[in-house]
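Take a look at the structure set out below.
Protein chains: 2
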Amino acid sequence: MQHCYDYPRPAVTTDIVVFTLRNERLSVLLIRRARDPYAGYWALPGGFVEPDETLERGALRELQEETGLTQVYLEQLYTFGEPQRDPRGRVISVAYLALAPLEALQPVAASDAAALDWFEAEHLPEMAFDHRDILALARARLRAKLNYSTLAFKLLPETFTFHELQRVYEIVGEQELDKRNFRKFIRSLNVLQETGETRRNGAHKPALLYRLAGSAVIYHDRQGT
Amino acid sequence: MQHCYDYPRPAVTTDIVVFTLRNERLSVLLIRRARDPYAGYWALPGGFVEPDETLERGALRELQEETGLTQVYLEQLYTFGEPQRDPRGRVISVAYLALAPLEALQPVAASDAAALDWFEAEHLPEMAFDHRDILALARARLRAKLNYSTLAFKLLPETFTFHELQRVYEIVGEQELDKRNFRKFIRSLNVLQETGETRRNGAHKPALLYRLAGSAVIYHDRQGT
DNA sequence: ACAAAAGTGTTCTCGATACACCCATGC
DNA sequence: GCATGGGTGTATCGAGAACACTTTTGT
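If you're matching them up, the sequences are chains A and B in order.
Take 24 as the starting number for the first sequence in the numbering used here and just add one per residue.
Take 24 as the starting number for the second sequence in the numbering used here and just add one per residue.
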């Protein structure tokens, strides 16, 4: 069945940049394209928006279908609409930024593993369409928002140590931070709850575990550096 | 002639929030809708994206066609895609934020004056679709960006006095600022050029006129408060 | 006892804020 | 000469940055 309109319409897709921390590296989930155009290249997960879903629902659905992921934090990034960005015709893509702790992302193994992989943001493969640009923007946005929001917590599981949180800021921000200043900074945000639990890692003093108070991303004005 | 596709496609439009300062008030340009849906309501200028133009070009073209405006600063704001936002069917709108000094906007008079008007951001009429939400977001974005960019200058003509610049920050930020601190703040950005000219306004000391060095919006980290 | 990570305070610098007076002009 | 807006400097406060040692645990 064909769908006909009086004027030409672009196709609308979502593309999702899923970031997580893996082996102490900022990493992105990519899918290897089996078909032309760009067969063999790697691409962001995503796909066409359906008639009755919001853009955000569409992004979540595609992510679920293509990667098995669910339970990720999602926010709109930017809309890419260069007429020539897809050789098949006019495709406008609403890009989303997604964040999740690696633990929440094990379902990745449930999908076709050959076609799905994590890549370090510093070592990207050849990418399809303008996906490298989208990724670069997502990374810049994430980095910028660390400094005035609690976005970093979305890369951690529900409970975490102070050191793990600091590593998020260090890895994403690409600079080492002073332990005492960092703790002072985080405490000044008043968003941490002690869980009372501790975690033993090795032959060391056990670390206190914390939890974020509330699940909303909070915006503040201080710098996290 | 009909355009047919294998899957249904949404229509894609741009909507433009044009801000300017008028009578010391932040104001928006709106168009009165002649036809249903929302006949008689006011709406943001905008319209369908054509097959061979970028989203930004489409926004500029619609602005030109509907309001006669050209030479505005434009940046992408957000993409609105609720399935029910337009009663005629699925319409996804890429919203743009536009800024310009009132002087650059006189062409407004060239259009159908009955259907076009400026409204104070504080006193909006009944608006069509989700345009009130779009406008609210645009305003929040503008206000936030004042504090870490040179966006405010886009609301001023090429040359301006220090006091005019301060008024932009005060009106958009909705708070009065100290004259000396404000000058110190602006100077620390190192983006001002003296023109050497002065402007006489009334029975007062003439004010020095400045110009922004370069036309690009610059991002900084200091606060403008 | 020692190796390794957890945890804690103080000092300094610099940007943000508060605040009051003289200057140039038109009438 | 006076009313009006244009223009300038200093003192205080607080956040950001630099910096070193003690504590707890496993082996």
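Each residue gets a CB set at the ideal place from its N, CA and C atoms; glycine is no exception.
| Item | Value |
| --- | --- |
| Range of the contiguous alpha helix (DSSP H) that encloses B/Thr-77 | Element bounds for B/Thr-77: n/a, residue is neither H nor E. |
| Residue(s) in a DSSP beta bridge with B/Tyr-28 | A/His-26 |
| Sub-8 Å separation of A/Arg-222 and A/Thr-173 beta-carbons | no |
| Nearest-angstrom beta carbon gap, A/Leu-49 and A/Phe-42 [assumed within contact, 8 Å] | 6 Å |
| B/Glu-143 - partner residues in DSSP beta bridges | B/Ser-50 |
| Range of the contiguous alpha helix (DSSP H) that encloses B/Ala-163 | 154-169 |
| Continuous beta strand (DSSP E) stretch holding A/Tyr-233: start and end | 230-235 |
| Cα-Cα separation, B/Leu-139 to A/Asn-213 | 48 Å |
| Member of A/Arg-32, A/Asn-46, A/Ala-163 and A/Thr-36 whose CA lies at the smallest distance from the CA of A/Met-187 | Note that residue 187 of chain A is Glu in the sequence shown here, rather than Met. Of A/Arg-32, A/Asn-46, A/Ala-163 and A/Thr-36, the residue nearest in Cα terms is A/Asn-46. |
| Cβ of A/Lys-78 within 8 Å of any chain B Cβ | Correcting the residue identity first, residue 78 of chain A is Leu in this sequence and not Lys. Yes, A/Leu-78 lies at the interface with chain B (some Cβ there is under 8 Å from its Cβ). |
| The stretch 29-42 of chain A touching the stretch 59-76 of chain B, judged by at least three CB pairs closer than 8 Å | yes |
| Neighbouring residues, chain B, relative to A/Ala-34 (Cβ below 7 Å) | Arg-32 |
| Beta carbon proximity, B/Glu-98 to chain A, threshold 8 Å | no |
| B/Met-150, buried or exposed, once every other Cβ within 10 Å from all chains shown has been counted against 16 | buried |
| Limits of the beta strand (DSSP E) - the one that A/Phe-18 falls within | Chain A is shown only over 24 to 248; residue 18 of chain A falls outside these bounds and no answer can be derived. |
| Under 9 Å by beta carbon: chain B residues contacting A/Phe-152 | Ordered by position in chain B, no residue passes the 9 Å Cβ test against A/Phe-152, which lies about 15 Å from the chain. |
| Assigned exposure category for A/Leu-116 - 16 Cβ within 10 Å defines buried | The question names Leu, but residue 116 of chain A in the sequence shown is Ser. Classification of A/Ser-116: buried, given that the 10 Å Cβ count is 16 or more. |
| Under 7 Å by beta carbon: chain A residues contacting B/Glu-105 | Thr-77 |
| Secondary structure of A/Leu-83, DSSP reduced to three states | helix |
| Neighbourhood of A/Glu-199 by C-beta, 7 Å cutoff - its chain only, sequence neighbours within 5 removed | Glu-193 |
| Identity of the residues DSSP links to B/Thr-102 by a beta bridge | B/Val-117 |
| Contact check, A/Pro-180 vs A/Pro-124, beta carbons under 8 Å | yes |
| 7 Å Cβ cut-off: residues of chain A touching B/Phe-176 | Going along chain A, no residue has its Cβ under 7 Å from B/Phe-176, so there is no contact; the nearest lies around 21 Å. |
| B/Arg-210 burial status per 10 Å Cβ neighbour count (16 or more: buried) | exposed |
| Neighbourhood of B/Thr-102 by C-beta distance below 6 Å, restricted to the same chain and skipping five residues each side | Val-117 |
| For B/Tyr-119 and B/Thr-37, believed in contact at Cβ under 8 Å, the rounded distance | 6 Å |
| Beta-carbon spacing of A/Ile-39, A/Ala-121 below 8 Å | yes |
| Distance, A/Gly-112 Cα to A/Val-35 Cα | 11 Å |
| Opening and closing residue of the beta strand (DSSP E) in which B/Gly-70 lies | 69-71 |
| Integer-rounded CB distance, given that B/Gln-246 should sit under 8 Å from B/Asn-170 | 6 Å |
| Under 7 Å by beta carbon: chain B residues contacting A/Arg-113 | Pro-74 |
| Under 8 Å by beta carbon: chain B residues contacting A/Gln-25 | Cys-27, Tyr-28 and Asp-29 |
| B/Arg-190 in three-state terms, based on DSSP | helix |
| A/Phe-142 beta carbon less than 8 Å from that of A/Val-51 | yes |
| Local conformation of A/Ala-66 per DSSP, three classes | strand |
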